[in-house]
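Encoded as structure tokens, the structure appears first; notes follow it.
There are 2 protein chains.
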Amino acid sequence: MELLKVDTVEEARAKMDVFFQDVVLAYEKIAVEEGLGRVLYEDVYAPVDLPEFHRSTVDGYAVAAKDTFGAGEGLPAFLQVIGRVEMGEGTNLKIRSGEAVYVPTGGMIPEGADGVVMVEYAESLDEGTIAVYQSVAPGEGMILKGEDIRAGELLFSKGRRLKSQDIGALAALGIRYVKVFEKPKISIISTGDEIVDPFSYIKFGQIRDINTYALWAMAKELGAIVTYRAVIKDDDELLRRAAVEALENSHILVISGGSSVGAKDATARVIHSLGEPGVFVHGVAMKPGKPTIIGKAKNKAVFGLPGHPVSAIIVFQIFTAYLLEKMQSLDGQKKLEIYAKADANIHASPGKETYQMVVVEEVHGEYLARPVHGKSGAITLLTKSHGYIRIETNKEGIQKGEKVKVILF
Amino acid sequence: MELLKVDTVEEARAKMDVFFQDVVLAYEKIAVEEGLGRVLYEDVYAPVDLPEFHRSTVDGYAVAAKDTFGAGEGLPAFLQVIGRVEMGEGTNLKIRSGEAVYVPTGGMIPEGADGVVMVEYAESLDEGTIAVYQSVAPGEGMILKGEDIRAGELLFSKGRRLKSQDIGALAALGIRYVKVFEKPKISIISTGDEIVDPFSYIKFGQIRDINTYALWAMAKELGAIVTYRAVIKDDDELLRRAAVEALENSHILVISGGSSVGAKDATARVIHSLGEPGVFVHGVAMKPGKPTIIGKAKNKAVFGLPGHPVSAIIVFQIFTAYLLEKMQSLDGQKKLEIYAKADANIHASPGKETYQMVVVEEVHGEYLARPVHGKSGAITLLTKSHGYIRIETNKEGIQKGEKVKVILF
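Take a look at the structure:
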């Protein structure tokens, strides 16, 4: 095995960009109703105008706007009503100067009209005549054909994660099916002689597995499917067999642990044994997360995560989630990040990117980030935190009162 | 029908608190694996200590800490190694003064030891003796039984929405099943003579339904299930029949539209016809959202939303989502709110709570909120926005440069 130097987070990500270029997702065509949270595989263009016709936004009279110019309380404009538009119906009525047509909210504006006088400003004088007491500007009281979305216009770009209002917009345009990225498939293996499935019989001295459950849930939150999950003893051959099986039906394999001396390089040895190019990141200048391993085999991505839950979850967030975003061309849609004021001095490890768990509190109209401390094996470090801050490699630490960015869980 | 005065948002919510007290959810017992995003129905206490035994956090020698006091490079302490602990195994070894036991990371600390010397600071002199070159404080190199979570301790409170790390913590304690609130069931009806299902044949003059799709997706995002969905013509009897059917299998009924003059009170009439107490909020001082109706019939909550998609979605967020939170006792877990600087003056309607859609951009380490304008019927107003700001009733508007809070979609 070649010796690999420790990378910075940026260097490791840059290598991932190159090595994982061909770790790609296929698409699937799904009904819009199933689209919430899915990521578009291609740009979506509007097939029709929205609205499809000039539509009234008020209950009132469609008119030629210029007929009302100068009209007011003391000087009404008199117009002849030549008919009415029914809701949900087309109309063949045409308006000429001096004429008006009653149109309900949402109704179609007849040809020749370019404004709608609200009923509140019109008075019916007799069967066929109204007095208009306010002038309307062209376009007032109506929304133009294609004003919301124009036919042929780019509606959503590839890589957009569909929100609820997006589903509404797709429905509004009559788009029934969309192409989305298939869900990324992830396998998760926890290794360690002391680790056992949490719901099996536990002998004294054994430890219940946290990582496959926490990482499983995290993968799910990120839109992935977990296709394989196992707890494996610290044994190269067992781990190798599990990895081969796991890779068959997944794009990404995540192996966390083992924490014993001999096991520390097992993940690297196993990844190397799976095929070319093997491990290309072995150790990252970050805390927690130093023993992070990233490799590639059989055109799949493989991550070796530290065994401690906090470290495993941070490394998953920094690297595995990064790959998931890349694979789905996820654009820079608002991440859950907020600015806060550090509520205490925070120490950083020199030469490493440091991740510090924090609790966020809102006090007098601003957010305060208070560091949460605990031994690195403690799961409560995570359950009690709202997120974490990232302290850059060359920064010595954070001063109390300094502005920090919190990445929320 | 009695005349009802327009309520403020706070008044309407206060009435909801009283009227909807008995609109409640049952619980279901689910496997922890299925728990992501679900809301706890009861407090969860730790059944065991975590860890369940004093555990080493390093590879090293478990010792009586005081035996190492004063030890250093020039003056090692000499200890007799009486055995080793295997990973995942219990141990009966007991340490007395002058003795040490090898323990791997994660291994059980033998009785009598209160510190672990890292292997890096110990030298094996012969089969049974080590030299220790650094002193350890009591508790160093180990995590105590129950230090992370103590047996009987409150782990999570009722109303907690389970995150991925919570799933990890539950697994770590061997908790296999949890009681969560059943998913709230919602029915969604869109009314309007011009509204048709988006994927049916559209006649000229008709408009594709946006609201049942957008509200459906939004309800799903909030953890609810949509049990009934329909587009109904503006006809009291049709609407009444649909409402009766919808209420049979849901906790909440949401009716959006109709926008025509006659239809505006149809929702109120229908809710009144369903049973006592009927409508208790009829109009709210908010913009958009003025025609909001809130009522109760057959012990179910009924919301009448405006027909315009933007208005419907805002009212759903302000009232229906509020009820969903109450029903699930959701505690004040971080909502997706950020502070930003207004990038332009924003006008507010006097005497009304105003909701303004905004785009959020990050510029030089701070968020800028730029108002998005558009006619109220435009769905792009929503798809292009990242969230909205809420301008209080008595505020005249927002000045450019003012700090605002953005509620993210």
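Line order of the protein sequences matches chains A and B. One point on numbering: in the UniProt record's numbering, the residue at position 161 of the first sequence is 161, and numbering is uninterrupted. One point on numbering: in the UniProt record's numbering, the residue at position 190 of the second sequence is 190, and numbering is uninterrupted. We put the CB at the ideal spot given by N, CA and C, even for glycine.
Neighbours of B:P198 in chain A, taken as residues at a C-beta separation under 9 Å, are given in chain order as V32, L170, A171, A172, L173, G174, I175, R176. Sequence-distant partners of B:H54 (beyond 5 residues in either direction) whose C-beta falls short of 6 Å from its own C-beta, in its chain, are I109, M142, L144, K145. Put simply, the backbone Cα of B:L93 is about 19 Å away from that of B:T57. Counting the other CB atoms within 10 Å of its CB gives B:L75 a total below 16, which places it among the exposed residues. In the structure shown, A:Y121 falls within a helical segment according to DSSP collapsed to helix, strand and coil. In the DSSP annotation of this structure, B:A266 is not part of any beta strand (DSSP E); the continuous alpha helix (DSSP H) holding it starts and ends at 266-274. Here B:H364 is exposed, its C-beta having fewer than 16 other C-beta atoms within 10 Å. In its chain, beyond the 5 residues on either side, D67, T68, A71, V132 have a beta carbon closer than 7 Å to the beta carbon of B:A77.
The Cβ atoms of A:A62 and A:V116 lie closer than 8 Å to each other. For the segment 306-378 of chain A, the continuous beta strand (DSSP E) assignments of 3+ residues that do not extend past its boundaries occur at 337-342, 353-363, 366-371, in sequence order.
Note that the C-beta distance between B:T267 and B:I255 is below 8 Å. The Cβ atoms of A:L274 and A:A243 sit closer than 8 Å to each other. B:T380: member of the alpha helix (DSSP H) spanning 380-383, first to last residue. Listed along chain A are Y339, each with a C-beta nearer than 8 Å to that of B:E366. Against chain B, a Cβ distance below 7 Å from A:K163 picks out F409.
Note on geometry: alpha-carbon atoms of B:T129 and B:I82 lie some 9 Å from one another.
B:L336 and B:L381 have their C-alpha atoms spaced approximately 20 Å apart. Of all C-beta pairs linking the segment 306-316 of chain A to the segment 365-379 of chain A, three or more are shorter than 8 Å, placing the two stretches in contact. With a cutoff of 8 Å on beta-carbon distance, A:L162 and A:G60 are scored as not near each other. Collapsing the DSSP output to three states places A:M286 in a strand. Residue burial is scored here from C-beta neighbours: B:Q328 has at least 16 other C-beta atoms within 10 angstroms and is therefore classed as buried.
Residues of the segment 206-220 of chain B that bring their beta carbon within less than 9 Å of a beta carbon in chain A comprise Q206, I207, R208, D209, I210, N211, T212, Y213, A214, L215, W216, A217, M218, A219, K220, in sequence order. By the 16-neighbour rule on beta-carbons within 10 angstroms, A:S97 is exposed. Taking a C-beta distance under 8 Å as the contact criterion, B:L330 and B:P184 do not qualify as a contact pair. Note on A:F156: 16 or more other CB atoms within 10 angstroms of its CB, so buried under the neighbour-count rule.
At least one C-beta of chain B is nearer than 8 Å to the C-beta of A:M87. Around the C-beta of A:N299, fewer than 16 other C-beta atoms lie within 10 Å, and the residue is accordingly described as exposed.
Taking the Cα of B:A65 as reference, the smallest distance to any Cα among B:E42, B:S135, B:D49 is reached at B:S135.
Within the segment 140-152 of chain A, the residues whose Cβ lies closer than 8 Å to some Cβ of chain B are I143, E147, D148, I149, listed in chain order. Distance from the Cα of A:E353 is smallest, within the candidate group A:M87, A:A342, A:T393, for A:T393. A straight-line Cα-Cα distance of about 51 Å links B:I389 and A:E194. Chain B has a Cβ within less than 8 Å of the Cβ of A:P309.
A:R84 carries a strand assignment under DSSP once its states are collapsed to helix, strand and coil. The alpha-carbon of B:I186 is positioned some 15 Å away from that of B:I294. Of the candidates A:V18, A:I318, A:S124, A:I318 places its Cα closest to the Cα of A:A285. Using a Cβ-Cβ cut-off of 8 Å, A:L36 is close to A217, K220, E221 of chain B, given in chain order.
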